[in-house]
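Accompanying notes for the structure given below.
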Amino acid sequence: MKKHSQMLKGLLGIIAGITLLLALALPAFAEQDVTLSVIVRDENSDPLKGAVFTLVSNVENDKTAYTSAASDENGMAVFTGLPQNGEFDLIQKSAPEGYLKDEHIYLITINNGSVYTLYDGELAEYETVAAENKKYTPYTVEVPFTVEVKQTGKKAPGKETFTINPIGDFFTQYEYIKIVSATVETNGAGKFNGTLKFTVPQEHLVYLSDGFNIAQVKGNKEGWTYSDAIFCMVPELSLETDNGAAAITGFRIHAVTLKDGEYALGEEELNEACFINSYNMAEEEKPPVNNPDKTPVKENEKPKSPKTGDNAADFAITLMLTGIALGGVSIAFKKKHV
């Protein structure tokens, strides 16, 4: 009996040891590191460094970015430490300078540590996504406009700088657009011509075919009333270029009104996009000139002759009067003794 009891205790000890080992080992198996990789190549199938991809939560009402990864010199972007379960959208956030990013959205599902992707409407085991980023040709769009300055006060306007910008979601969300020039300098009243310049990929000029809006940036200087006009510039595209890509040959211009948050396009075609500004300031009064050497004359008071301080002239007059007096005395003396 005693022998069986010792064997039982030994068996229980072995079972306890095995249980402890399993308890320590199972979490490691359960929490295996989930990874996901993307390979990026250019149009020549060469690996591309610097492409950034993001996993965005695909849960309803939660589209926050979960994590991001950038491609290395081998073109590999690797996500590590992903959760055991979850649904995500795999998207490319940005491309290296001069390249167009992959616009696809890849649906990713992680189930108990296994990664799947939606393919033809069905879940399939995930295979490394191969994304292509093509190099694009930058195209400079030149948009003509006019700024008119009107003088409505007595003081003439001086030198000013006005800025014209494209507006709308396309220009705020489209990362390839780069503004080159958007200002015009004025001096005095009159009309001043300017050009809004920005670059876009020539391959994407078609995105502008429906037109885009431009408006003047309002200032806050005293005396100025700034233009609130909006114009729609509709490009005229041509495919007759050397490389067969689209080019802009001109613009059709329409006034735009903003009502209840919606843009309404005017039917009449305009000759120019003219932003009218007015300047109204009174002429500055000139301060009176003070002459410290001039003594003001009081009303009903004759001005006094200034003292010259010429002692020689006073002596000469005194001497002349004395001579006249002595001459008179001499004549009177002679008459008395005749």
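In this text, residue positions in the sequence shown follow the numbering used here: the first is 30, and each later residue adds one.
All C-beta atoms, glycine included, are put in the ideal place defined by N, C-alpha and C.
Remember, predicted model here, so these are calculated numbers, not experimental data.
Alpha carbon of residue i to alpha carbon of residue j, nearest angstrom
i, j, result
"residue 277", "residue 126", "24 Å"
"residue 149", "residue 167", "35 Å"
"residue 143", "residue 170", "48 Å"
"residue 86", "residue 204", "22 Å"
"residue 99", "residue 151", "28 Å"
"residue 311", "residue 251", "11 Å"
"residue 160", "residue 286", "42 Å"
"residue 88", "residue 147", "15 Å"
"residue 56", "residue 67", "Interpretation of residue 56 is limited by its pLDDT of 43, a score under 50 that renders its predicted location unreliable; the figure taken from the coordinates is listed afterwards. Approximately 28 Å, taken between the alpha carbons."
"residue 264", "residue 241", "9 Å"
"residue 248", "residue 92", "37 Å"
"residue 62", "residue 110", "5 Å"
"residue 70", "residue 102", "11 Å"
"residue 302", "residue 281", "10 Å"
"residue 156", "residue 84", "16 Å"
"residue 118", "residue 232", "26 Å"
"residue 255", "residue 74", "53 Å"
"residue 52", "residue 96", "Because the pLDDT of residue 52 is 47, which lies under 50, any placement of that residue in the model is unreliable, and the question is left without a value."
"residue 315", "residue 180", "21 Å"
"residue 291", "residue 72", "40 Å"
"residue 80", "residue 262", "33 Å"
"residue 54", "residue 153", "Here residue 54 scores only 46 on pLDDT, less than 50, and its place in the model should not be relied on; the value that follows carries that caveat. Those two C-alpha atoms are separated by around 30 Å."
"residue 246", "residue 184", "24 Å"
"residue 279", "residue 227", "15 Å"
"residue 124", "residue 307", "45 Å"
"residue 78", "residue 288", "46 Å"
"residue 294", "residue 225", "21 Å"
"residue 229", "residue 313", "48 Å"
Three-state secondary structure assigned by DSSP to residue i
i, result
"residue 306", "strand"
"residue 68", "strand"
"residue 86", "strand"
"residue 171", "strand"
"residue 76", "strand"
"residue 165", "coil"
"residue 62", "coil"
"residue 151", "strand"
"residue 182", "coil"
"residue 100", "coil"
"residue 94", "strand"
"residue 290", "coil"
"residue 284", "strand"
"residue 140", "strand"
"residue 279", "strand"
"residue 118", "strand"
"residue 108", "strand"
"residue 127", "coil"
"residue 312", "coil"
"residue 187", "coil"
"residue 157", "coil"
"residue 296", "strand"
"residue 177", "strand"
Expected contact under 8 Å - CB spacing of residue i and residue j to nearest Å
i, j, result
"residue 213", "residue 176", "5 Å"
"residue 266", "residue 274", "Contact doesn't hold; Cβ gap of about 10 Å is too wide."
"residue 182", "residue 309", "4 Å"
"residue 194", "residue 244", "7 Å"
"residue 260", "residue 283", "7 Å"
3 or more residues per run - each beta strand (DSSP E) lying fully within the stretch 190-270:
If you keep only unbroken beta strand (DSSP E) runs of at least 3 residues inside the stretch 190-270, you get 207-210, 212-216, 219-230, 241-245, 259-267.
Take every Cβ of the stretch 196-204, pair it with every Cβ of the stretch 231-241, and state whether three or more of those distances are shorter than 8 Å.
Three or more pairs of CB atoms, one per stretch, sit closer than 8 Å, so the stretch 196-204 contacts the stretch 231-241.
Are the stretch 101-112 and the stretch 127-135 touching by the rule of at least three beta carbon pairs closer than 8 Å?
no
I'd like to know if the stretch 174-190 and the stretch 212-227 are in contact, where contact means that at least 3 CB-CB pairs between them fall below 8 Å.
yes
Is the stretch 153-167 touching the stretch 180-197 in the sense that three or more CB pairs, one from each, lie closer than 8 Å?
no
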